[in-house]
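Peer 1:
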Amino acid sequence: MVTQRSGTLVTYEDYLDMPEDERYEIIDGELIMAAAPSLLHQMIQDNIGHPLGAFIRANGLGRMFAAVTDVLLSEINVVQPDILFVSRARASIMTYSAVRGAPDLVVEILSPSNTQHGTVRKRELYARFRVPEYWQADSDTLEVTVLALAGDDYDIAGVYKMGDTLVSPMLPGFTLAVDDIFDSDVLALLSERS
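First residue of the sequence shown? That's 594 in our numbering, and the numbers climb one at a time after it.
1. Candidates Glu736, Gln673, Glu726 and Gln638: which alpha carbon is nearest Tyr605's?
2. State the Cα-Cα distance for the pair Ala660 and Arg616, rounded to the nearest angstrom.
3. Spatial neighbours of Glu726 within its chain, please: CB distance less than 6 Å, with the 5 preceding and 5 following residues excluded, ordered by chain position.
4. Looking at the secondary structure, which residues open and close the beta strand (DSSP E) in which Met626 lies?
5. What are the residues that DSSP puts in a beta bridge with Gln729?
6. DSSP has Tyr753 in a bridge; who is on the other side?
7. Over what stretch of residues does the beta strand (DSSP E) that includes Arg616 continue unbroken?
8. Whether or not the segment 630-643 and the segment 730-740 are in contact is what I'm after, with contact meaning three or more pairs of Cβ atoms, one per stretch, closer than 8 Å; do they touch?
9. Can you check DSSP and say which residues form a bridge with Ile676?
10. Rounded to whole angstroms, what's the CA-CA distance from Ile619 to Gly653? Just pull it up for me.
11. Taking the alpha helix (DSSP H) that Val713 belongs to, which residues open and close that run?
12. Can you list, in chain order, the residues of its chain whose CB lies under 7 Å from that of Ile686, leaving out five sequence neighbours each side?
13. What number of angstroms, rounded off, separates the C-alpha of Thr712 from the C-alpha of Leu703?
14. In the structure shown, what three-state DSSP assignment does Thr596 receive?
15. Would you please state the rounded distance, in angstroms, between the beta carbons of Thr768 and Val760? I believe it to be under 8 Å.
16. Note the first and the last residue of the continuous alpha helix (DSSP H) segment covering Val664.
Here it is as structure tokens:
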């Protein structure tokens with residue numbers, strides 16, 4: 594197993610030597626071990642991914658991927674977004690082993706264990722590497738925040754709550770009811786968590 598020595602940056606080459614049965618990300622050379630996603634996390638991912646993927650396929654827009662897909666932003670920045678979209682125009686960044694470059698859209702599902710990492714560090718990282726659109730789905734607040742890149746940071750394009758319909762600046766015509774993201778199965782699991 595690769596372990597990070599104090600002051601030593603972990604690189605993509607180091608990452609490739611790590612056991613495949615564990616989930617890791619590297620942000621600015623720091624190795625971050627990710628827990629396996631919970632059932633709740635996977636249900637939310639599925640509730641977003643299926644309609645999003647169907648829309649992308651039906652309109653011939655590109656490819657959608659769900660975790661676990663490596664995104665190599667640089668030699669010291671490797672992430673595994675929950676969902677990502679690469680447009681047809683940028684298909685050249687898709688390789689056999691990874692997406693090598695910034696996707697057009699990234700979706701991260703926030704959980705109590707990754708909120709700081711997911712909201713702050715990843716937002717900064719995705720903005721720095723020019724990911725045009727970034728969604729944060731938060732099961733604590735039952736909200737989805739859609740962020741659109743504007744200069745060096747993101748503007749909030751929308752904060753969607755239960756009863757709202759999410760729209761995407763990147764994907765005109767795509768809509769998704771927030772009630773379908775946080776459906777009755779998700780709400781039942783959330784009630785167990787309380």
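Quick reminder that beta carbons are idealized off the backbone N, C-alpha and C, glycines included.
Peer 2: Let me spell this out:
1. Nearest C-alpha to Tyr605 among Glu736, Gln673, Glu726 and Gln638: Gln673.
2. Their backbone Cα atoms lie some 10 Å apart in a straight line.
3. Correct list, in chain order: Leu698, Ala741 and Met763.
4. From DSSP, the beta strand (DSSP E) with Met626 extends over Glu623 to Ala627.
5. Paired residues: Glu701 and Thr738.
6. Note: Tyr753 sits in a beta bridge opposite Val737.
7. Going by DSSP, Arg616 is part of the beta strand (DSSP E) stretching over Arg616 to Ile620.
8. When Cβ pairs closer than 8 Å are counted between the two stretches, the segment 730-740 is seen to touch the segment 630-643, the count reaching three or more.
9. Ile676 is bridged to Ala659 and Val700.
10. Between the alpha carbons of Ile619 and Gly653 lies a gap of roughly 32 Å.
11. It is not in any alpha helix (DSSP H) - Val713 carries neither H nor E in the DSSP assignment.
12. In chain order, Val679, Val692, Arg693 and Gly694 place their CB closer than 7 Å to the CB of Ile686, counting only its own chain and leaving out the 5 sequence neighbours on each side.
13. Near 8 Å, if we compare the C-alpha coordinates of Leu703 and Thr712.
14. Its pLDDT being 45, under 50, Thr596 is placed unreliably by the model, and nothing is read from it.
15. The Cβ separation is near 6 Å, so the contact holds.
16. Looking at the DSSP string, Val664 is not in any alpha helix (DSSP H); the run it does join, the beta strand (DSSP E), is Val664 to Ser667.
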